[in-house]
Amino acid sequence: MRRRFINTKSFEKNKITCTLKSGITMTAWIYSDYFDDSQITSMRVNGVLVEKRPYIDVAPDKEYVIEITFGELYSLGHLFFETHVSSVSGLETLDTKNVIDMESAFSRVKFDIPNLDMWDISNVQTMQHMFEENIHITSSPFTKLHDVLPSDRCYTNMFYDCRGLIKAPELPAKVLTNRCYYQMFYNCFNLNYIKMLATDISASDCLSNWVKGVPTTGTFVKSKDATWDVRGANGIPEGWTVVNDGEEEGGNDFGIEFPLYLTFDRCESSWGVETCYRDADEIGVKVYNC
2 MRRRFINTKS
12 FEKNKITCTL
22 KSGITMTAWI
32 YSDYFDDSQI
42 TSMRVNGVLV
52 EKRPYIDVAP
62 DKEYVIEITF
72 GELYSLGHLF
82 FETHVSSVSG
92 LETLDTKNVI
102 DMESAFSRVK
112 FDIPNLDMWD
122 ISNVQTMQHM
132 FEENIHITSS
142 PFTKLHDVLP
152 SDRCYTNMFY
162 DCRGLIKAPE
172 LPAKVLTNRC
182 YYQMFYNCFN
192 LNYIKMLATD
202 ISASDCLSNW
212 VKGVPTTGTF
222 VKSKDATWDV
232 RGANGIPEGW
242 TVVNDGEEEG
252 GNDFGIEFPL
262 YLTFDRCESS
272 WGVETCYRDA
282 DEIGVKVYNC
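2 is the number of the first residue of the sequence shown in my numbering; add one for each residue after it.
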């Protein structure tokens with residue numbers, strides 16, 4: 002009989018460690034009962050292998066460490082939705098290349114979320130409500146989202162009521178889809194920077210109330226090819242400064258950052274930069290001979 006060997010090393014990175022501590026006796030939720038736990042291969046509580054289930058009974062003031070190992074992941078939908086976990090480590094290295102659903106994965110959680118730029122989101126179809134009502138977020142766990150939007154409603158309510166969020170992820174998609182950004186940053190009271198490069202916003206409700214409740218000052222970076230100019234909750238927030246992509250402070254279309262310093266040799270004489278200037282169409286450098 003031919004033996005079959007399973008490469009368990011491929012799943013080693015799919016392990017997270019959660020902690021929680023309660024001041025009272027209670028049933029504490031580790032992961033949401035909406036999450037598909039058929040993806041979990043093992044679960045340990047304080048080092049003891051236990052039958053996988055979304056909750057445990059906890060005693061007052063005792064710390065619990067829960068290790069969860071996943072097999073191949075295809076959905077993170079509702080993973081930690083409204084759970085009692087106080088911290089999670091190992092999230093950054095989850096293998097997400099086959100994941101298609103991240104809806105409500107971190108909605109209403111009680112822990113900080115690390116930078117997730119290592120995640121492969123190329124197959125993800127929806128991130129609806131992903132961080133909704135998460136009070137811990139100040140900057141997006143993703144620096145940049147999809148270049149081409151994967152579906153209708155893909156980011157609906159993604160950061161809804163994230164009141165600590167200051168900077169949005171870059172939104173590079175040129176063509177928007179139906180309800181894609183619907184209420185995306187609704188009631189983000191501290192948000193002051195959005196880079197959204199869409200040139201086609203004709204899709205139904207694509208920007209409806211997407212920035213309702215944000216502050217009246219901030220910076221909005223848009224594509225220099227964009228001809229739309231909608232203001233208010235369904236467009237560019239009222240009172241915000243609008244800057245074309247590539248013309249933000251510290252950068253430009255030439256890919257040069259300021260301040261600019263140059264030194265070079267010519268005919269055995271040392272030359273250096275005296276001043277530099279820039280405007281919309283050119284960069285100039287004045288030099289002097291040492």
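Every residue gets a Cβ at the ideal spot worked out from N, C-alpha and C, and that includes glycine.
As the structure is a computational prediction, the values presented were derived from the model and not from experiment.
Which of the three DSSP states is assigned to residue i in this structure?
i: serine 90; result: strand
i: cysteine 277; result: Confidence is the limiting factor: at cysteine 277 the pLDDT is only 48, short of 50, which leaves the residue's position unreliable, though a coordinate-based value still follows. Strand, per DSSP.
i: leucine 261; result: Confidence in leucine 261 is poor, its pLDDT being 47 and thus under 50, which makes the residue's placement unreliable; the coordinate value appears in the next sentence. The answer is coil: DSSP assigns leucine 261 none of H, G, I, E or B.
i: serine 39; result: helix
i: glutamate 73; result: coil
i: arginine 232; result: strand
i: methionine 44; result: strand
i: isoleucine 237; result: strand
i: aspartate 102; result: strand
i: leucine 80; result: coil
i: isoleucine 114; result: coil
i: glutamate 269; result: In this prediction, glutamate 269 scores a pLDDT of 42, lower than 50, which makes its location untrustworthy; the coordinate-derived value is nonetheless stated afterwards. Coil.
i: glycine 252; result: For glycine 252, the predicted structure reports a pLDDT of 46, less than 50, and the residue's modelled location is therefore unreliable. A value from the coordinates is still provided. Residue state, collapsed to three classes: coil.
Out of the options, state which residue places its alpha-carbon closest to the alpha-carbon of residue i.
i: aspartate 153; options: Phe81, Arg180, Gln129 and Phe107; result: Arg180
i: proline 216; options: Asn193, Ala60 and Phe143; result: Asn193
i: cysteine 189; options: Thr200, Cys163, Ile195 and Ala227; result: Cys163
i: glutamate 129; options: Lys14, Ile25, Ser108 and Lys168; result: Before going further, note that residue 129 is glutamine rather than glutamate in the sequence given. For glutamine 129, the nearest C-alpha among the options comes from Ser108.
i: tyrosine 32; options: Ile136, Thr20 and Gly24; result: Thr20
i: asparagine 245; options: Ile237, Thr70, Lys223 and Glu93; result: Lys223
i: cysteine 247; options: Pro238, Arg232, Pro173 and Ser203; result: Checking the sequence shown, residue 247 turns out to be glycine, not cysteine. Here the closest residue by C-alpha is Pro173.
i: threonine 70; options: Asp96, Phe82 and Asp58; result: Asp96
i: valine 49; options: Tyr187, Asn158 and Val66; result: Val66
From which residue to which residue does the beta strand (DSSP E) around residue i run?
i: leucine 50; result: 49-51
i: asparagine 19; result: The sequence as given places cysteine at residue 19; asparagine does not occur at that position. Its beta strand (DSSP E) spans residues 16-22.
i: valine 222; result: 220-223
Tell me, which residues are paired with residue i by DSSP?
i: alanine 29; result: Ile57
i: asparagine 245; result: Lys223
i: valine 66; result: Thr20
Step through the CB atoms of chain C and report whether any lies within less than 9 angstroms of the CB of residue i.
i: leucine 146; result: No chain C appears in this structure, which consists of one protein chain only.
query: Which runs of the beta strand (DSSP E) fall wholly inside the region 122-203 and span at least 3 residues, in chain order?
result: Those beta strand (DSSP E) runs which fall completely within the region 122-203 and span 3+ residues are 194-196.
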